[in-house]
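**Student:** Numbering-wise, the numbering used here comes out as the position in the sequence shown, counting from 1, plus 92.
In this text, a Cβ means the ideal position worked out from N, Cα and C, and glycines have one as well.
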Amino acid sequence: MRIRPAVQRARNVLAGVQGTFGVLCVLAVLLEIVRLLVPRWAPVALLVGPLVAGGLLLPLRYVLALVVVVTAGIVGNGALGNLSGEDVPSLVAVLVASLSALQMAYRRRRLGLPATRSEAMLVELRDRLRAQGEIPALPPGWQVEFAMRSAGGAAFAGDFMTSSLSDHNGGPRLELSLVDVSGKGVSAGTRALLLSGALGGLIGAVRPEQFLVEANRYLLRQEWPEGFATAVHVTLDLSTGEYALESAGHPPAVQFEAGSGHWRVSPVSGPLLGVMEEVSYSRGHGVLGPGDALLLYTDGVVEAPGRDIDVGLDRLLGAAERLVPRGGFAQGAERLVDEVAWDVSDDRAVLLVWRS
């Protein structure tokens, strides 16, 4: 007699799964139709939402079917000429979300687990996107360290970095970008997830001088209520040590010069990302010789309520100067991000590049 309640529960679960699948498919199709009619109202990146929800709520075969529906819609829009090169970062974000949803559903199926909590799915997506920013293996003599702390120890942060190592004119070229999305903690982290996927597709794929320009265009298309971000982008020739730097409203980079033993603040600046159209970014140039270092950081490291940012910058430089007699720059990013910041309720990150 106990078989009937079990069968009924199974039917209820199946009906719930099918209903959820139907709703997500309809939502994805509606987004594609709206994009077909009025592209600016439905950017491709909106498809990340149904995919993430599907990964949270659906079994593997339904997630796979949802990915097929989304892919078919994108292909259809492309066949009708409704996609352009500007949509490439959003398409990369959709691809990352699709793979994350499939991986989560597969893992649940293998372990026999039900759908996980929303935060678990977002953590999985965050980890996959962060992998795009992992520092690649560098030639001997070069080191890069990245350290980040989220506001209040939250699982997500609005600060992130992306990187790319490629061959240029017969030598290795490293590109690094440190980004700070407006807001902090989880509220900024969800937007940072999408933006990091998009910029991870841009870096190394466009000319270095166009990276911030394309990032700005991408942010403008999202039309987020809090849609701006700051960023700094560095292109470094690992054969010569020559580098070029652009800034989009970001705190100034600083370079350590081994010859003088001092840190020099870069004057390079530029407009925020996601605020104005048709912007341009000036480039600063420098050289990292043996013993030199380049320090990038987000405003959470040097800013605090009621304190001038120059005071925070002086505090950072003082701590950075103490790195050299304490054994060099190894573990320097971790030490700086933990020692310098006044306000642990803000996201904060440090990116340190040096040549031995």
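Quick check on DSSP: helix, strand or coil for Tyr389?
**Tutor:** DSSP places Tyr389 in strand when its eight states are reduced to three.
**Student:** Looking at the structure shown, is Phe113 part of a helix, part of a strand, or coil, going by DSSP?
**Tutor:** helix
**Student:** Spatial neighbours of Arg101 within its chain, please: CB distance less than 7 Å, with the 5 preceding and 5 following residues excluded, ordered by chain position.
**Tutor:** Here the model assigns Arg101 a pLDDT of 42, short of 50, so the residue's position is not dependable and the matter cannot be decided.
**Student:** Would you mind working out which of Ser437, Ala433, Arg447 sits nearest Phe421, comparing C-alpha positions?
**Tutor:** Arg447
**Student:** Under a Cβ-count criterion, where at least 16 other Cβ atoms within 10 Å of its own Cβ denotes burial, should Arg209 be classed as buried or exposed?
**Tutor:** Because the pLDDT of Arg209 is 48, which lies under 50, any placement of that residue in the model is unreliable, and the number read from its coordinates should be weighed accordingly. With fewer than 16 Cβ atoms within 10 Å of its Cβ, Arg209 is classed as exposed.
**Student:** Which runs of the beta strand (DSSP E) spanning at least 3 residues fall entirely within the segment 259–322, listed in chain order?
**Tutor:** 263–273
**Student:** Gly111 to Leu156, Cα distance in whole Å?
**Tutor:** Cα to Cα, the separation comes out at about 16 Å.
**Student:** Output the distance between the C-alpha atoms of Gly392 and Phe252, rounded to the nearest integer angstrom.
**Tutor:** 13 Å
**Student:** Can you round the beta-carbon distance between Leu172 and Leu128 to whole angstroms, since I take them to be within the 8 Å contact cut?
**Tutor:** 7 Å
**Student:** Leaving out the 5 sequence neighbours to the left and right, which residues in its chain are closer than 7 Å to Pro97 when beta-carbon positions are compared?
**Tutor:** Low confidence applies here, because Pro97 scores a pLDDT of 42, under 50, leaving its location unreliable and the question unanswered by this model.
**Student:** From Thr327 to Glu267, what does the alpha carbon distance come to, in whole angstroms?
**Tutor:** When rounded, the distance between both Cα atoms is 5 Å.
**Student:** In three-state DSSP terms, what is Leu152?
**Tutor:** In the structure shown, Leu152 adopts helical secondary structure according to DSSP, grouped into three states.
**Student:** What is the DSSP secondary structure of Asp435, counted as helix, strand or coil?
**Tutor:** coil
**Student:** Residue ranges of each alpha helix (DSSP H) run of no fewer than 4 residues wholly in the segment 163–204, ordered along the chain?
**Tutor:** 180–203
**Student:** Which residues in the same chain have their Cβ closer than 6 Å to the Cβ of Pro142, if we skip the five residues on either side of it in sequence?
**Tutor:** Leu116, Leu119, Ala120, listed in sequence order.
**Student:** I'd like to confirm something about Gly293: is its beta-carbon nearer than 8 Å to some heavy atom of the ligand SAH, or not?
**Tutor:** No copy of the ligand SAH occurs in the structure displayed, which carries no ligand at all.
**Student:** Within the continuous beta strand (DSSP E) that includes Arg407, where are the two ends?
**Tutor:** Following the DSSP letters along the chain, one finds Arg407 in no beta strand (DSSP E) but inside the alpha helix (DSSP H) bounded by residues 401–413.
**Student:** Report yes or no: do the segment 333–343 and the segment 277–291 share at least 3 C-beta pairs separated by less than 8 Å?
**Tutor:** no
**Student:** Could you give the DSSP three-state label for Asp219: helix, strand or coil?
**Tutor:** helix
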